[in-house]
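Written below as structure tokens is the structure these notes are about.
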Amino acid sequence: MDINYQIPRAALLWILVSVVLVIIPQSIRMPFWLSAVALLCVGWRLLIFSGRLDYPGKAMRVAVVVFTLIISVSQMRNLGVGLESASSLLTLGFVFKLIEMRYKRDIYVVICLSFLMCMVAFLYSQSVLVTIYIAFCVMVIIGAMIALNRSTLQADHRSTWRMAMRIAAQAVPLTIVLFLVFPRIAPLWAVPVQTSAGRTGVSDEMSPGDLSALGRSNELAFRVQFENGPPPLHEDLYWRGLVLENFDGETWTRRRGRSAYSGAAEYANFQFTWRDRVRLGGEPLTYNVIQEPTQQPWIYGLHLAEPLSRNIYQSRNFEAFNNGLIAKRISYDMQSYMSSQTDLILLDSARRRNLDVPQQGNERSREFAQQLRSSVNSDRDYVNAVLSHFQQNPFYYTLNPELLGDNRIDDFLFNTRQGFCEHYASTFGFLMRAAGVPTRVVVGYQGAEYNRFEDYMMVYQYNAHAWNEVWLEGEGWVRFDPTAAVSPTRIRLGVEAALQDDPGFLDESLLAAVGRFNWVNTLRLRLDAIEYEWNRRVVNYDEEVQFELFERLFGEVTQQKAMLLLIALASIVILGVGMTIIRIEPRGQQDPVVRLYNRISDELAKVGLERRKGEGPLSYRDRVVASKPELATVMAELTDLYVQISYRNQAADSGVDRQQFAALQSCFRQLKSVLSPLRQRLS
Amino acid sequence: MFSVDLDKQSAPVVDNQFSQQVDRTVGEVSKALLGKGHQIRLALCCLFSGGHLLIEDLPGMGKTTLSYALAKAMGLEYTRIQFTSDLLPADILGITIFDQNSGQFQFHPGPIFSQLVLADEINRTTPKTQSALLEAMEERQVTVEGETRVLPEPFFVIATQNPVTLAGTYPLPESQLDRFLMRLRLGYPDQRAERELLEMNTEWDKVEEVSQCLSTADVANFRKRSAEVNASPALLDYVQRLVAYTRGKDDFHYGLSPRGSLAMMRAAKTWALMCGRDHVVPEDVQVILPAVVEHRLRAATDEDGHTGGSLVQRLLSEVDVIS
Numbered sequence: 006m007d008i009n010y011q012i013p014r015a016a017l018l019w020i021l022v023s024v025v026l027v028i029i030p031q032s033i034r035m036p037f038w039l040s041a042v043a044l045l046c047v048g049w050r051l052l053i054f055s056g057r058l059d060y061p062g063k064a065m066r067v068a069v070v071v072f073t074l075i076i077s078v079s080q081m082r083n084l085g086v087g088l089e090s091a092s093s094l095l096t097l098g099f100v101f102k103l104i105e106m107r108y109k110r111d112i113y114v115v116i117c118l119s120f121l122m123c124m125v126a127f128l129y130s131q132s133v134l135v136t137i138y139i140a141f142c143v144m145v146i147i148g149a150m151i152a153l154n155r156s157t158l159q160a161d162h163r164s165t166w167r168m169a170m171r172i173a174a175q176a177v178p179l180t181i182v183l184f185l186v187f188p189r190i191a192p193l194w195a196v197p198v199q200t201s202a203g204r205t206g207v208s209d210e211m212s213p214g215d216l217s218a219l220g221r222s223n224e225l226a227f228r229v230q231f232e233n234g235p236p237p238l239h240e241d242l243y244w245r246g247l248v249l250e251n252f253d254g255e256t257w258t259r260r261r262g263r264s265a266y267s268g269a270a271e272y273a274n275f276q277f278t279w280r281d282r283v284r285l286g287g288e289p290l291t292y293n294v295i296q297e298p299t300q301q302p303w304i305y306g307l308h309l310a311e312p313l314s315r316n317i318y319q320s321r322n323f324e325a326f327n328n329g330l331i332a333k334r335i336s337y338d339m340q341s342y343m344s345s346q347t348d349l350i351l352l353d354s355a356r357r358r359n360l361d362v363p364q365q366g367n368e369r370s371r372e373f374a375q376q377l378r379s380s381v382n383s384d385r386d387y388v389n390a391v392l393s394h395f396q397q398n399p400f401y402y403t404l405n406p407e408l409l410g411d412n413r414i415d416d417f418l419f420n421t422r423q424g425f426c427e428h429y430a431s432t433f434g435f436l437m438r439a440a441g442v443p444t445r446v447v448v449g450y451q452g453a454e455y456n457r458f459e460d461y462m463m464v465y466q467y468n469a470h471a472w473n474e475v476w477l478e479g480e481g482w483v484r485f486d487p488t489a490a491v492s493p494t495r496i497r498l499g500v501e502a503a504l505q506d507d508p509g510f511l512d513e514s515l516l517a518a519v520g521r522f523n524w525v526n527t528l529r530l531r532l533d534a535i536e537y538e539w540n541r542r543v544v545n546y547d548e549e550v551q552f553e554l555f556e557r558l559f560g561e562v563t564q565q566k567a568m569l570l571l572i573a574l575a576s577i578v579i580l581g582v583g584m585t586i587i588r589i590e591p592r593g594q595q596d597p598v599v600r601l602y603n604r605i606s607d608e609l610a611k612v613g614l615e616r617r618k619g620e621g622p623l624s625y626r627d628r629v630v631a632s633k634p635e636l637a638t639v640m641a642e643l644t645d646l647y648v649q650i651s652y653r654n655q656a657a658d659s660g661v662d663r664q665q666f667a668a669l670q671s672c673f674r675q676l677k678s679v680l681s682p683l684r685q686r687l688s
Numbered sequence: 017m018f019s020v021d022l023d024k025q026s027a028p029v030v031d032n033q034f035s036q037q038v039d040r041t042v043g044e045v046s047k048a049l050l051g052k053g054h055q056i057r058l059a060l061c062c063l064f065s066g067g068h069l070l071i072e073d074l075p076g077m078g079k080t081t082l083s084y085a086l087a088k089a090m091g092l093e094y095t096r097i098q099f100t101s102d103l104l105p106a107d108i109l110g111i112t113i114f115d116q117n118s119g120q121f122q123f124h125p126g127p128i129f130s131q132l133v134l135a136d137e138i139n140r141t142t143p144k145t146q147s148a149l150l151e152a153m154e155e156r157q158v159t160v161e162g163e164t165r166v167l168p169e170p171f172f173v174i175a176t177q178n179p180v181t182l183a184g185t186y187p188l189p190e191s192q193l194d195r196f197l198m199r200l201r202l203g204y205p206d207q208r209a210e211r212e213l214l215e216m217n218t219e220w221d222k223v224e225e226v227s228q229c230l231s232t233a234d235v236a237n238f239r240k241r242s243a244e245v246n247a248s249p250a251l252l253d254y255v256q257r258l259v260a261y262t263r264g265k266d267d268f269h270y271g272l273s274p275r276g277s278l279a280m281m282r283a284a285k286t287w288a289l290m291c292g293r294d295h296v297v298p299e300d301v302q303v304i305l306p307a308v309v310e311h312r313l314r315a316a317t318d319e320d321g322h323t324g325g326s327l328v329q330r331l332l333s334e335v336d337v338i339s
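So the sequence lines, in the order shown, correspond to chains A and B. Under my numbering, the first residue of the first sequence is numbered 6, with each subsequent residue one higher. Under my numbering, the first residue of the second sequence is numbered 17, with each subsequent residue one higher.
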């Protein structure tokens, strides 16, 4: 190894740029000091190059290793063993490698690490934007490799960049093929869960204030596409999440502990009795949901949703669960019977569960409920009476309700009368149960934004909603939404319309402010449509989809067929590479004019008038015209132009005259058009 | 097999001062040498390029006629030296003789001090005399008795050589053949030309009819302007491919020398100028190629140096003009 090796200036520049580029996605997520260390190292490397600093000595290197170790240990203690601590360790090692980058070998290490950093970025996000950015990074890294291997004389950044782009473009077909056919093996090791990422979305308990916090978030919850027919009306879009049956006077919670979420027994048990408990009505509505990661297991569907995808199971209350936490975006298909009825016979245990209210507290409300119930004949009338109570008294729908006192229900019902959906659902549930009507709270989302560009719907966190299901004799569980009684706009037009003037709604979001402009909104929808397609077609391309694709293309997939396909693809790739290598040798430097002229000769060869090897353009013209007089004009013009370009033009480096070349091209087209009738006659 | 048709003008001729002058000169010379337009043109090309010409043919084919007619048409001072085995260098270059009247040595210039010298049957003289002539051709000056004398301007040598009956002759070796820009063969006249020839009174009369149509200045102008003719990179590529072809093959005894490739370029440029163009096209190279390189090439199996012709045909057909 050459002791005096000096990294070429241009190469160093390219490498530092690529290092900075690949660290940017990390630094957004990582603590600030990490970016500072990275910048320090880049600066140090520049100073080494300019001769003002030396490579780190032994003591320094030991110090750096110790520092890295300390940092990693403390990171692991703070964040746990996970993606963050691992990737920050990698980042540290990566940037420290920079300052001892002395020989070509070190540069290759840095370049390999840069590629690795690109992959790390994909662990966090696989959106279109990140993909485009990483593709750009990859091109810069390729540029760094090119610059490293070029002599200083050819170190022109623009040509390096062009070459990098060319190499990247050449890799695209192979990438597509690999993407489509490479076996999708389940990861050999699980990607550690992002420990610091918060659980988002609707939670499995509801106390006042929970949903209004979600109501301020404009993050996407999931996207839905209806597959057979138009989507239901906005007011029917109740995305059921969880059914909350326990009420302690303040908080509604789900029936059992979290351990029950992943129970195969429950699934098997449910399958057995499912058909007995429902009376199906109407045509099934199928739809595909692509859900953003929530770090929770439950998923969302419309009324009586039956999951069609694997790894999704259903609970007794027709909630749907993914097998495991949703740590990455998932896609699943559902089928709903919108006008079906469930649980026409209510088991005693269920009735007891759904009538249970705390013995103490909220005396006024309890009294009010019992009074109202005795004044009407049926449970349904009672429900209507309560709903009209909400409707006729000055209740307000707002994100910023006043705080409630100890007896929350009383306080809300008779004093503040301001609340978000959870207040209404909670109060309604209490009133029902107090009067002996089985009732439960359902949390999920209501409404959606329609994206006309790709014909799908977007459900945001601010669509989070809570409503009730009341069990009525002969009808089973019936959905009632007390919020609709207070604010019909919320249900019919969506939360945006209902809370347009509410100061709490999306006030931190700039997007909402500019969202009033029409074109911004269109742009937003269009971008989301791209993202949606990307998620659907690229990110969610898994083993199953791959298998389906193969089946569609080649019929039933057997091992033999798979083998043949792999061999065929491998040979295509090898052939392609071989052809490029062969073609680079003799044809690499060929002049476009000569190439065009040879094409002309090839064209004429089809009528038996190929240019002979030792034939000059003029004698060739004479021979062609002698045998095909109808080509006289075009051949004369074409030959004149060719001679003009190839033999008449003066300087060697002035390049080909664009205009003349274009004229020659048009001559070629003309020749082809003259030739085509001749060829037909020939055949 | 493809070959350049020697008697056909495949390169385009642009009507201008140069092409007209050439046409007129060819017309004049053709009065004396019937039906040999292409050879006359090549001979002119050789002279305009400032090179010397070797005409190789059987006796009585009009070698002398051609040179004399050329001299007349171009208005050049003309001498003829008949080479014999006892010719000495001094017989060509001149000698210094003591003049008794003036009491001084006086130089008597030999026949070489002329604008156009016909060296007839050059292979019949001894190598010593041959080399005296060749030196003069190369240097355009002669040194006699320690004194250097410049030859007139322009200075052309047309040498003739008899390819048969070689007994008692000294054929020029390759190194000396290389000094001639072109080697021409006149060949038998075609039937029509021969008939016309027979109908004439004598050959000599016809030469007398040739009138001067070019001046010395015109000839100098041709030489000057031919150097300015443009040879594009594509054309130079072709010339280099031709040269490389001769160097890389086993059947060529030896490849073309740089002098050979220079000669090719010079002649091609002059030919382009004679056609009235300011740029060389591949056809120009192909037209002059046989005359310029035939005598510089020899097949590996060749003994007497007359296989250049077929090698040139291979060059013409196998080297790609456009690549």
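Heads up, the beta-carbon is just placed ideally off N, CA and C, and yes, glycines get one too.
8 Å or more divides the Cβ of S65(B) from the Cβ of L134(B). L331(B) has its alpha-carbon roughly 32 Å from the corresponding atom of F171(B). A straight line joining the alpha-carbon of C123(A) with that of V27(A) spans about 6 Å. Measuring C-alpha to C-alpha distances from D253(A) to each of G56(A), C672(A), P363(A), P237(A) identifies P363(A) as the nearest. Legend: CB atoms of the segment 631-643 of chain A lying less than 9 Å from CB atoms of chain B are not found in any residue. Neighbours of H295(B) in chain A, taken as residues whose beta carbon is under 7 Å from its own, are Y652, R653 in chain order. Residue pairing by DSSP leaves H54(B) without any beta bridge partner.
The segment 285-298 of chain B makes contact with the segment 32-51 of chain B; the number of CB pairs closer than 8 Å reaches 3 or more. The beta strand (DSSP E) runs of length 3 or more contained entirely in the segment 17-84 of chain A do not exist; there are none. Residue contact with chain A for I304(B): absent (no Cβ-Cβ distance below 8 Å to any residue of chain A). DSSP places I605(A) in the helix class (H, G or I) of the three-state scheme.
The residues F231, N233, G234, P237, L307, Q340, S341, Y342, M343, in chain order, have a CB closer than 8 Å to that of L290(A) in the same chain once the five nearest residues on each side in sequence are set aside. Just measuring C-alpha positions, the residue of W49(A), V67(A), V70(A), A332(A) sitting nearest Y60(A) is W49(A). When 9 Å is used as the limit between beta carbons, N246(B) is near these residues of chain A: Y652, R653, N654, Q655, in chain order.
Taking one beta carbon from each stretch, the segment 242-262 of chain B and the segment 108-117 of chain B have fewer than 3 pairs nearer than 8 Å; the two do not touch. If you check the CB distance, S23(A) and V145(A) come in under 8 Å. As far as DSSP is concerned, A149(A) takes part in no beta bridge. Short of 6 Å from the beta carbon of T262(B), and not among the five residues preceding or following it, lie these beta carbons of its own chain, in chain order: F268, G271, L272. Around the beta carbon of K63(A), fewer than 16 other beta carbons lie within 10 angstroms, which makes this residue exposed. E240(A) sits away from Q346(A), with the two beta carbons spaced by 8 Å or more. Per DSSP, F417(A) is not a residue of any beta strand (DSSP E), being assigned neither H nor E.
Scanning chain B for C-beta atoms nearer than 9 Å to the C-beta of Y602(A) yields I338, reported in chain order. Inclusion of V337(B) and P306(B) in the CB contact set at 8 Å is not warranted, their separation being larger than that value.
Annotated as distal: P399(A) and G424(A), with beta-carbon spacing of 8 Å or more. By the Cβ criterion, the segment 421-439 of chain A is in contact with the segment 368-377 of chain A, since at least three pairs of Cβ atoms, one from each stretch, lie closer than 8 Å. Under the DSSP definition of a beta bridge, G449(A) partners with R245(A), H470(A). Sequence-distant partners of S130(B) (beyond 5 residues in either direction) whose C-beta falls short of 6 Å from its own C-beta, in its chain, are E93, T95. Non-local C-beta neighbours of G325(B) in its own chain, meaning closer than 8 Å and more than five positions away in sequence, comprise P306, E310, ordered along the chain. DSSP places G110(B) within a strand segment (E or B) once states are collapsed to three. In the three-state reduction of the DSSP assignment, E297(A) falls in the coil class, being assigned neither a helical nor a strand state.
About 13 Å separates the CB atoms of Q192(B) and E72(B); that is not less than 8 Å, and the two are not in contact. Remark: fewer than three beta-carbon pairs, one from each stretch, lie closer than 8 Å, so the segment 551-569 of chain A and the segment 484-503 of chain A are not flagged as touching. Below the 8 Å Cβ cutoff, chain A contributes G619 as neighbours of L332(B), in chain order. In this structure, the straight-line span from the alpha carbon of E536(A) to that of F37(A) is close to 29 Å. One thing to note: Y429(A) has its Cβ no nearer than 8 Å to the Cβ of Y305(A). Against chain A, the beta carbon of A48(B) has no neighbour under 9 Å; the closest one sits roughly 31 Å away.
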